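Protein chains in written order, with the working numbering: chain A, 203 to 555; chain B, 203 to 555.
Backbone N, C-alpha and C fix where the C-beta goes; we use that ideal spot for every residue, glycine too.
All values reported here derive from a predicted model rather than from experimental measurement.
2 protein chains.
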Amino acid sequence: MRFDLTVPFARYVAQYYNDINFPFKRYQIGKVYRGERNQKGRYREFYQCDIDVIGKDKLSIDNDAWVISLASKAFKAIGLSNYKFQISNRKILKGLLSEIEIDEVNEVMGLIDKYDKIGKESFSKELEELIGLEKAQYINKVLDIKGNSKEIGEKLLKLNIGNEYFIEGVEELNKVCSMLSILGVEDEEFEINLKIIRGLDYYTGTVFETMLIGNESYGSICSGGRYDNLAEKYTTNVLPGVGISIGITRLFFVLKEIGFIDNYKVKSNLDYLIIPIGDTMEYCGKAMKYLEEKNYAVTIYFDEDTLKKKMNYANKLGVENVILIGEEEVLENKVKVKNMISGSNMSLDYKQL
Amino acid sequence: MRFDLTVPFARYVAQYYNDINFPFKRYQIGKVYRGERNQKGRYREFYQCDIDVIGKDKLSIDNDAWVISLASKAFKAIGLSNYKFQISNRKILKGLLSEIEIDEVNEVMGLIDKYDKIGKESFSKELEELIGLEKAQYINKVLDIKGNSKEIGEKLLKLNIGNEYFIEGVEELNKVCSMLSILGVEDEEFEINLKIIRGLDYYTGTVFETMLIGNESYGSICSGGRYDNLAEKYTTNVLPGVGISIGITRLFFVLKEIGFIDNYKVKSNLDYLIIPIGDTMEYCGKAMKYLEEKNYAVTIYFDEDTLKKKMNYANKLGVENVILIGEEEVLENKVKVKNMISGSNMSLDYKQL
Chain A
203 MRFDLTVPFA
213 RYVAQYYNDI
223 NFPFKRYQIG
233 KVYRGERNQK
243 GRYREFYQCD
253 IDVIGKDKLS
263 IDNDAWVISL
273 ASKAFKAIGL
283 SNYKFQISNR
293 KILKGLLSEI
303 EIDEVNEVMG
313 LIDKYDKIGK
323 ESFSKELEEL
333 IGLEKAQYIN
343 KVLDIKGNSK
353 EIGEKLLKLN
363 IGNEYFIEGV
373 EELNKVCSML
383 SILGVEDEEF
393 EINLKIIRGL
403 DYYTGTVFET
413 MLIGNESYGS
423 ICSGGRYDNL
433 AEKYTTNVLP
443 GVGISIGITR
453 LFFVLKEIGF
463 IDNYKVKSNL
473 DYLIIPIGDT
483 MEYCGKAMKY
493 LEEKNYAVTI
503 YFDEDTLKKK
513 MNYANKLGVE
523 NVILIGEEEV
533 LENKVKVKNM
543 ISGSNMSLDY
553 KQL
Chain B
203 MRFDLTVPFA
213 RYVAQYYNDI
223 NFPFKRYQIG
233 KVYRGERNQK
243 GRYREFYQCD
253 IDVIGKDKLS
263 IDNDAWVISL
273 ASKAFKAIGL
283 SNYKFQISNR
293 KILKGLLSEI
303 EIDEVNEVMG
313 LIDKYDKIGK
323 ESFSKELEEL
333 IGLEKAQYIN
343 KVLDIKGNSK
353 EIGEKLLKLN
363 IGNEYFIEGV
373 EELNKVCSML
383 SILGVEDEEF
393 EINLKIIRGL
403 DYYTGTVFET
413 MLIGNESYGS
423 ICSGGRYDNL
433 AEKYTTNVLP
443 GVGISIGITR
453 LFFVLKEIGF
463 IDNYKVKSNL
473 DYLIIPIGDT
483 MEYCGKAMKY
493 LEEKNYAVTI
503 YFDEDTLKKK
513 MNYANKLGVE
523 NVILIGEEEV
533 LENKVKVKNM
543 ISGSNMSLDY
553 KQL
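So this is what it looks like as structure tokens:
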């Protein structure tokens, strides 16, 4: 029983290194298991959805923006709004801590990671105890920089920090933000949040989380980042990658809690439901075949019932277009198309559909 | 760990009986577990794909043909040929055995179920030992009826067996065969095989298996049938259904063994791969957004590489259409579309795509 989708993926890429067409993009939805105690929305058995892009030796930073843009498209596709990608780059903090000569790097990073949980006051206090007032104030000053992503990027560079990690991190972060716009992610969908770290290991550059505005207490609904070398445990080849992960089961829990699921209108995946009236099945079959060849999703209501019951079924199904085929339609070589939303009726040759 | 997809489905339908829109159609792909010893292509952990249609109190026999037609469409979609649906109806044998007053119904059915394994000779010998020469010969005569589905249907009726199950079974079988044609399943794709039983429990009417012609030894790759009452263990409501099941993991094993997988040319699910040449990413993003709004699957090659390497990537990916966008294209507000199969090039406005 796998505990995530990443380790099996890393082994796969290492094993088929010579056959894979890099940059290699894969998405996967699958069941995984955790040994943790159950919490609200966090189960021992759940579905995970991962997208990763893996390069051979190198991988453009544009891919970091691309995976975030995919999450944006997915959320837009289901009609979710009010989410915000919070993006950072771990090189920025790494460079900053190096610049001001912090020895307790892991402790400070760990503290920043819990910033949102413990609050600004406790954070500042603990940070000061750890590294002294002056350095703590400097870090707080950087973390407090406000503005849109462009402004924060500019303000960060104006700090005149010479550390190469810092500069590289800011440049990468700026690149990701400008690529996000190019890829159709709107300004309102993302912001820079330098407090995003995503744990201490694994990620090396871009990191991001996704909060539901007004429901931040649920935590991130989609997160990920850049890692230098996916499969270092399994191969000496260097495989930089960027990945995104959605805990589908937990996302459903959160969407249920905020009322999104209950108000969700499931759209039928059927383009047409054909309803035979009388002995017209052969003609219905022909119409279905024609529509399927045009790549429409079609089915026939096979069971003998009253027309009222059949229309009621179509209505509950949420299918937009119903095709009614009675004996008259067969004689005239036509079909009657009823739009269930507008209520309009059309009589036409099915080859006109 | 569930051992099949049917029991959880039955419980689901029983539980949500009042909310479900009947006839209820569901498909599901999922992992299941078996306690059996591993055999060739049969594992303890595997993926199963099920389609079922469940009615409330009644369900038209047309649905039996419909689920088989879905399997036909799936096989055609992957380019598999040489399969044959072998169809029967359990009421026929039930009625036949009743007509000739067989007491050992389960034993005879069990024997017919292993007919193909033990061969005609052993079958006849064992059958004779069980029910005597005369009755055994009569059963053999019925099982031996040859012809296309229409002819077998006619010959069965000409036996003048008055038993109601027998007549109902033959009529249902004839109905299924004629609906298969209406639903676009070709004559070569199916045949009647009265020896198909599919175990002793569960199925009550239509039963079918699917053999690969020339590779019958692998057994059925897709099977199913009609059952009178899906959820009788969980509810007093009567829920007749018809279902189909494909053991995906085993199907892959079989397809691998017969060489189908190795010769399979995976088609890219991408409609367009956009390749930027030089500093044209912003324009590439616009083109991608436009094409995505037209429901095309599009991506951009983000990494900086030689054009040769980028085209090589496109080629290996199997994508049919590549869009090349250089600085010249941006100036002229055009894109260059290369068809990777014909090799043809076109220069046009991307809004013409």
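| query | Thinking C-alpha only, which one of A:Asn-497, A:Phe-277, A:Asp-551 and A:Lys-553 is nearest Ala-279 of chain B? | reply | With respect to the C-alpha of Ala-279 of chain B, the residue from A:Asn-497, A:Phe-277, A:Asp-551 and A:Lys-553 having the closest C-alpha is A:Asn-497.
| said: Short of 7 Å in beta carbon distance, which residues of its chain neighbour Cys-486 of chain B, apart from the five on each side in sequence? Order them along the chain. | reply: Cβ within range, chain order: Ile-476, Pro-478, Ile-502 and Ile-527.
| Terminal residues of the alpha helix (DSSP H) in which Tyr-515 of chain A lies | If you look at Tyr-515 of chain A, you'll find it in the alpha helix (DSSP H) that goes 509 to 519.
| task | Have a look at the DSSP bridge pairing and note the partners of Thr-501 of chain A. | result | According to DSSP, which records beta bridges pairwise, Thr-501 of chain A is partnered with A:Leu-475.
| Segment contact flag, the segment 466 to 476 of chain B with the segment 267 to 278 of chain B, C-beta cutoff 8 Å, min 3 pairs | Taking 8 Å as the limit for Cβ pairs, the verdict is that the segment 267 to 278 of chain B does not touch the segment 466 to 476 of chain B.
| field | chain B contacts from the segment 261 to 277 of chain A (Cβ-Cβ distance under 7 Å) | value | Residues of the segment 261 to 277 of chain A whose Cβ lies closer than 7 Å to any Cβ of chain B, in chain order: Leu-261, Ser-262, Asp-264, Asn-265 and Trp-268.
| task | Using a Cβ-Cβ cut-off of less than 7 Å, give me the residues of the segment 503 to 521 of chain B that come near chain A, in sequence order. | result | Taking 7 Å as the Cβ-Cβ cut-off against chain A, the residues of the segment 503 to 521 of chain B that qualify are Phe-504, Asp-505, Glu-506, Tyr-515, Lys-518 and Leu-519.
| query | By Cβ distance, which residues of its chain are closer than 7 Å to Glu-370 of chain B, with the 5 residues on each side in sequence left out? | reply | Result list for Glu-370 of chain B: Lys-293, in chain order.
| Quick one: what does DSSP say Met-542 of chain A is sitting in, helix, strand or coil? | Three-state DSSP puts Met-542 of chain A in coil, outside helix and strand.
| task | Could you please give the first and the last residue of the uninterrupted beta strand (DSSP E) stretch that includes Tyr-235 of chain B? | result | Judged by DSSP secondary structure, Tyr-235 of chain B falls within the beta strand (DSSP E) whose first and last residues are 226 to 235.
| request: Measure the CB-CB distance between Tyr-474 of chain A and Asn-523 of chain A and report whether it falls below 8 Å. | output: Their beta carbons are under 8 Å apart, which means Tyr-474 of chain A touches Asn-523 of chain A by this criterion.
| message | Is Pro-442 of chain A close to chain B? Criterion is C-beta to C-beta, closer than 8 Å. | response | So no, Pro-442 of chain A is outside the interface.
| Would you say Met-542 of chain B faces chain A, with C-beta separation under 8 Å as the test? | Chain A places no beta carbon closer than 8 Å to that of Met-542 of chain B, leaving this residue out of the contacts.
| task | Mind listing the chain A neighbours of Met-483 of chain B? Cutoff is C-beta to C-beta under 8 Å, in chain order. | result | The answer, in chain order, is Asp-264, Met-381 and Ile-384.
| query | Does the beta carbon of Pro-210 of chain A sit closer than 8 Å to a beta carbon anywhere in chain B? | reply | Taking CB atoms only, Pro-210 of chain A has no neighbour in chain B less than 8 Å away.
| said: Rounded to the nearest angstrom, what separates Asp-505 of chain A and Val-537 of chain A at their Cα positions? | reply: Cα atoms of Asp-505 of chain A and Val-537 of chain A: separation of roughly 19 Å, rounded to the nearest angstrom.
| Neighbourhood of Ile-398 of chain B by C-beta distance below 8 Å, restricted to the same chain and skipping five residues each side | Closer than 8 Å at Cβ, skipping near neighbours: Gln-288, Ile-289, Ser-290, Val-409, Phe-410 and Glu-411.
| field | Stretch pair the segment 213 to 227 of chain B + the segment 251 to 267 of chain B: three plus CB contacts closer than 8 Å | value | Contact between the segment 213 to 227 of chain B and the segment 251 to 267 of chain B is present, because at least three Cβ pairs lie under 8 Å.
| query | So, is the C-beta of Asn-284 of chain A closer than 8 Å to a C-beta in chain B? | reply | Closer than 8 Å: no.
| field | Contact belief for Leu-432 of chain A with Gly-443 of chain A at Cβ below 8 Å, rounded distance in angstroms | value | Indeed, because the Cβ distance is near 4 Å, the residues count as touching under 8 Å.
| Extent of the continuous alpha helix (DSSP H) to which Asn-265 of chain B belongs | Counting along the chain, the alpha helix (DSSP H) containing Asn-265 of chain B begins and ends at 264 to 280.
| task | Please report how far the alpha carbon of Glu-529 of chain B lies from the alpha carbon of Lys-352 of chain A, in whole angstroms. | result | Cα to Cα, Glu-529 of chain B sits roughly 26 Å from Lys-352 of chain A.
| task | Give me the Cβ distance between Leu-207 of chain A and Asp-252 of chain A, rounded to the nearest whole Å; I'm assuming they're in contact under 8 Å. | result | Yes, they are in contact, since the Cβ atoms of Leu-207 of chain A and Asp-252 of chain A sit about 5 Å apart, within 8 Å.
| field | Length-filtered (4 minimum) alpha helix (DSSP H) runs lying within the segment 425 to 500 of chain B | value | The qualifying runs are 450 to 459 and 483 to 495.
| Got a sec: is the Cβ-Cβ distance from Asn-471 of chain A to anything in chain B below 8 Å? | Taking Cβ atoms only, chain B never reaches closer than 8 Å to Asn-471 of chain A, which makes this a no.
| How many angstroms separate the CA atom of Ile-333 of chain A from the CA atom of Lys-322 of chain A? | The alpha-carbon atoms of Ile-333 of chain A and Lys-322 of chain A are separated by roughly 16 Å.
| task | Return no unless some Cβ of chain A is closer than 8 Å to the Cβ of Gly-487 of chain B. | result | Cβ-Cβ to chain A under 8 Å: yes for Gly-487 of chain B.
| field | Beta carbon proximity, Lys-233 of chain A to chain B, threshold 8 Å | value | Chain B, which has a Cβ nearer than 8 Å to the Cβ of Lys-233 of chain A, makes this yes.
| message | Using a Cβ-Cβ distance cut-off of 8 Å, determine whether Gly-257 of chain B contacts chain A. | response | Interface residue, yes.
| said: So, at 6 Å on beta carbons, what are the nonlocal neighbours of Lys-357 of chain B in its own chain, with the 5 sequence-adjacent residues on each side left out? | reply: Close CB contacts of Lys-357 of chain B within its chain, under the 6 Å cut and outside five residues either way in sequence, are with Ile-347 (chain order).
| query | If the cut is a Cβ gap below 7 Å, which residues of chain A does Lys-491 of chain B touch? | reply | Result: Gly-386.
| request: Assign Asn-308 of chain A to buried or exposed, taking buried as 16 or more other Cβ atoms, counted over all protein chains shown, within 10 Å of its Cβ. | output: Within a 10 Å sphere around the beta-carbon of Asn-308 of chain A sit fewer than 16 other beta-carbons, which makes this residue exposed.
| request: Would you kindly work out how many angstroms separate the C-alpha atoms of Tyr-558 of chain B and Lys-377 of chain B, rounded to a whole number? | output: Shown here, chain B extends from 203 to 555; a query on residue 558 of chain B therefore has no answer.
| Endpoints, the alpha helix (DSSP H) within which Lys-322 of chain B is located | Here the alpha helix (DSSP H) through Lys-322 of chain B covers 317 to 333.
| request: Identify the contact partners of Asn-223 of chain B in chain C, using a Cβ-Cβ distance below 7 Å as the criterion. | output: Absent here is chain C; the protein component of the structure consists of chains A and B.
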